[in-house]
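Numbering (the numbering used here), first residue to last: 3 to 224.
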């Protein structure tokens, strides 16, 4: 989120097709949309593609914004052919011709970033995604990528997704100032620190209310 932007909520779907089956996943998406939100976040790697496949089967309205990601893990790379293959596979799973946001999920230090960014620009010109995002890159890599894209008149990344919560705040020192400088939005993942914040809240509520209290802590917190 850029300074001055209205905060938004994104629905992360890493559990779709794993801990949540198709029916449970649809219930979560409906609850999310019913509360006025519209940004759904997935990735090529989530549950071996099941997350994207489940989302693709939901027949979501065009007003829903979908983001996905290409990664350099498990034998894949961010070489042009791999980036193209991952995005086109994601589009097939999602049953769409274009996603609103396409991330590079993490750096590929074995291959030139210029080749990756050129491929992203080609895919953008082909209409396969609208915005480019970065995730899990350090600040100097973000700066390098933005400068390369601007120099070549390629699509410039406008969104960064990174870990940020009450116990993980390293991004405040260098990354967030970097994103502000380049006018990029910041989307936080893992905002509850893997449910640590939730369990801490439950603990304090239970400690605050005595056994004689009529409060149902579990019910009241949820």
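Each residue gets a CB set at the ideal place from its N, CA and C atoms; glycine is no exception.
Asked, Found
"DSSP puts residue 133 in a beta bridge; with which residues?", "103"
"So, using beta-carbon positions, are residue 177 and residue 141 closer together than 9 Å?", "yes"
"Of all the options 147, 128, 51, 152, which has the alpha carbon lying nearest to the alpha carbon of residue 162?", "147"
"Using CA coordinates, which residue listed in 67, 9, 32 is at the minimum distance from residue 42?", "67"
"Considering only C-alpha positions, which residue in the set 114, 107, 71 is nearest to residue 95?", "71"
"Could you name the residues of the same chain whose beta carbon sits closer than 6 Å to that of residue 88, not counting the 5 residues immediately before and after it, in chain order?", "46, 72"
"Could you name the residues of the same chain whose beta carbon sits closer than 8 Å to that of residue 201, not counting the 5 residues immediately before and after it, in chain order?", "Because the pLDDT at residue 201 is just 47, under 50, the model does not fix this residue reliably, and the value given afterwards should be weighed accordingly. Within the same chain, residue 201 has no close Cβ partners at all."
"By the three-class DSSP mapping on this structure, what secondary structure does residue 140 have?", "coil"
"On the DSSP bridge assignment, give the partners of residue 165 in chain order.", "191"
"Could you spell out where the alpha helix (DSSP H) holding residue 43 opens and where it closes?", "Premise fails: residue 43 lies in the beta strand (DSSP E), 41–43, not in any alpha helix (DSSP H)."
"With DSSP collapsed to three states, give me the class of residue 19.", "coil"
"DSSP three-state call for residue 68: helix, strand or coil?", "strand"
"With distances taken between CB atoms, is the gap from residue 118 to residue 159 smaller than 9 Å?", "no"
"Do you know offhand how far residue 189's Cα is from residue 13's?", "11 Å"
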